[in-house]
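Below is one structure, written out as structure tokens, with a few remarks after it.
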Amino acid sequence: MSPEPTVPARSARAREFRRILAEMLKIDRVRGGLVVAADGLVIAASLPRGIAVEPMAALAASLGRELEVGADRLKRTPFQAALFSADNGTVFLGSSPVGFVVVLGDREVNVGLVQWALRKALATLEGAWGTPAHLPASPEEM
Amino acid sequence: MGFPRLLSRIWDAIASFTRPPNAATLFRRADLYRQEGRFEEAAELVAQGLRLAPNNGVGHLLSAYLHLAFRQIGPAKSEFQSVLQVDPYHPRALLGLAKIALEERDLAACRPFLDKALQYYPDFPEARALQEMVAGWATTVAAPGQQPAYAGPPIHVEKLKPPAGGREFVLTQADGTLVFSQHGDKDAEDLAAHVTQVYRIASATLQRAGLGALRRGIVQAATETSFFRSNDRLILALSFPQDVKIGFGLLETDKLWTNSLRELGMRA
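For the record, the sequence lines run as chains C and U. Just so you know, the first sequence maps onto residues 1 to 142 in my numbering. Just so you know, the second sequence maps onto residues 1001 to 1268 in my numbering.
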């Protein structure tokens, strides 16, 4: 038994999260993604069969928080985006006021394209919460 | 339907609109807002609800979540503790405190919270995932000044010179032992602790996604871009100014990685 079931989000803002995620999922070789709050709450998710949402969200939120907290401890500027690659694919992570946008790509994924799309998604989220972030016009400018 | 009954129903309907909502209603609405990412509105409703019902566990749990969402760790911790005063085995409050302990790199505090949460709710996927992750960590990342000493082959510092523009170069073992750093002692220990923690959590995330072991990482911030390289035993991190070309950063990190492995007598 899971102690507390999650309820699907309904508002316009929730629709915006799902739209952002849907855009990321259109990129070739992207296998899935999720939007997770800093407390680990799953706001939107689409993951391949076989990958459970809650554990993935808990780990991704912990990773995002370590990047935030570590930067703060080291007196660095806050992280904006990160990627971590393994032999079979890459996890992309973007930081936003609402939490973290996570994208999973397979080993053939176009890393530059995902990074650019992620920046675009983060700029959209920034815009919904405050000042829009600067966004390169194309992946090549990154 | 008689006129009095109709009048009564109309009166009830009007009253339901004008009567202030009770705490349970406020918390239910707040939780929906929270799940939609509307944290500010949710926080306002939770505050209203807690004014009506100051000892309500659900209210304190929501308050804790919202503090975490706003990255307010001290208040979040205190709210989770309030929940545990009402219900000492509340799994979500225990998980929340475990996550905070993880952020504070206090593994000794983190593990018991996860164990307790899973004691009564063994099928609690988030807690299980974190428990499995920390179970694989041989030791906690040591506090500053208590780092285990590197006991490998001697390192020729001149062969591990970072490239032009490269800074905060650090080499650590997977258990957090600092092998080499460009920095002074205190900064090096902090950096090594962070690099190790990122390596550990990123590795667990990649494994959970079925992608394999961590090999490379790039972390971009407003003023710098950091590159990671790792195998199962060694982690390298190197930072450049933010405007570094990613290709250049990867290339230089690879060169330093190859030199480091050679110096330590390791295979790629």
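Think of the CB as a built atom: it goes at the ideal place given N, C-alpha and C, for glycine as much as any other residue. Just so you know, these numbers come straight off a predicted model, no measurement behind them.
Contact check, C/A60 vs C/V111, beta carbons under 9 angstroms: no
Under 7 angstroms from the C-beta of C/R65: neighbouring residues of chain U: E1103
Beta-carbon proximity check, U/A1129 vs C/E68, cutoff 9 angstroms: no
Partners in chain U for C/L104, counting only beta-carbon separations shorter than 7 angstroms: A1209
Chain C contacts made by the region 1200–1229 of chain U, where a contact means CB separation under 7 angstroms: I1201, A1202, A1204, T1205, L1206, R1208, A1209, G1210, L1211, G1212, A1213, L1214, R1215, R1216, G1217, I1218, V1219, Q1220, A1221, A1222, T1223 and E1224
Chain U within 9 angstroms of C/N158, Cβ atoms only: Since the first and last residues shown for chain C are 1 and 142, residue 158 of chain C lies out of range.
Rounded C-alpha distance that separates U/T1140 from C/M56: Residue confidence for U/T1140 is low, a pLDDT of 48 falling below 50, so the modelled location carries little weight; the figure read from the coordinates is stated next. Cα to Cα, the separation comes out at about 22 angstroms.
Stretch pair the region 1077–1094 of chain U + the region 33–49 of chain C: three plus CB contacts closer than 8 angstroms: no
Collapsed DSSP secondary structure at U/L1238 in the structure displayed: strand
Buried versus exposed call for U/I1235 [16 or more other C-beta atoms within 10 Å across all chains shown]: buried
Exposure of U/P1091, with buried meaning 16 or more beta-carbon neighbours within 10 Å: buried
As assigned by DSSP and simplified to three states, the class of U/T1177: coil
Below-9 angstroms beta-carbon distance, C/D28 vs any chain U residue: no
Contacts of C/I178 in chain U (Cβ-Cβ under 9 angstroms): Nothing in the structure corresponds to residue 178 of chain C, since chain C is present only between 1 and 142.
Proximity below 9 angstroms, CB of U/L1118 to CB of U/A1109: no
Where the alpha helix (DSSP H) containing U/E1252 begins and where it ends: I1246 to E1263
Any chain C beta carbon closer than 9 angstroms to U/T1140: Low confidence applies to U/T1140: its pLDDT is 48, below 50, so where it sits in the model is not reliable enough to give any reading.
Inter-stretch contact (C-beta, 8 angstroms, three-pair minimum) for the region 1062–1082 of chain U and the region 1090–1104 of chain U: yes
Beta-carbon contacts of C/S96 that lie in its chain and below 7 angstroms, excluding the five residues immediately before and after: L122, L125 and E126
Alpha-carbon to alpha-carbon, C/L93 and C/G64: 7 angstroms
Interface partners of C/M24 on chain U, CB under 7 angstroms: Within 7 angstroms Cβ-Cβ: nothing; C/M24 doesn't reach chain U, min ~15 angstroms.
Bridge partners - U/F1228, DSSP secondary structure assignment: U/G1217 and U/A1237
Ranges of the alpha helix (DSSP H) found wholly within the region 1030–1099 of chain U, counting only runs of at least 4: 1039–1052, 1057–1069 and 1073–1086
Run of the alpha helix (DSSP H) containing U/A1209, from where it starts to where it stops: Note, U/A1209: premise wrong, no alpha helix (DSSP H); not H, not E.
Min CB distance U/E1036 to chain C below 9 angstroms: yes
At least 3 beta-carbon pairs within less than 8 angstroms: the region 1241–1259 of chain U vs the region 1213–1226 of chain U: yes
Interface positions of the region 1089–1102 of chain U facing chain B (Cβ-Cβ less than 9 angstroms), listed along the chain: Here the protein chains are C and U, and chain B is not one of them.
U/P1122 to U/A1047 span [Cα, whole Å]: 32 angstroms
C-beta atoms of U/R1176 and U/T1196 nearer than 9 angstroms: Going by the sequence as given, residue 1176 of chain U is Gly instead of Arg. Going by C-beta atoms, U/G1176 is nearer than 9 angstroms to U/T1196.
Sub-9 angstroms separation of C/A82 and U/V1219 beta-carbons: yes
Through-space distance from C/K26 to U/P1125, alpha-carbon basis: 28 angstroms
Touch test, the region 1259–1267 of chain U against the region 1205–1213 of chain U, Cβ-Cβ under 8 angstroms, three pairs minimum: no
Interface flag, U/Q1173 vs chain C, CB-CB below 9 angstroms: no
In chain order, each alpha helix (DSSP H) run of at least 4 residues that lies wholly inside the region 34–92 of chain C: 53–73
Proximity below 9 angstroms, CB of U/W1270 to CB of U/R1233: A question about residue 1270 of chain U goes unanswered here, because the residues of chain U that appear run from 1001 up to 1268.
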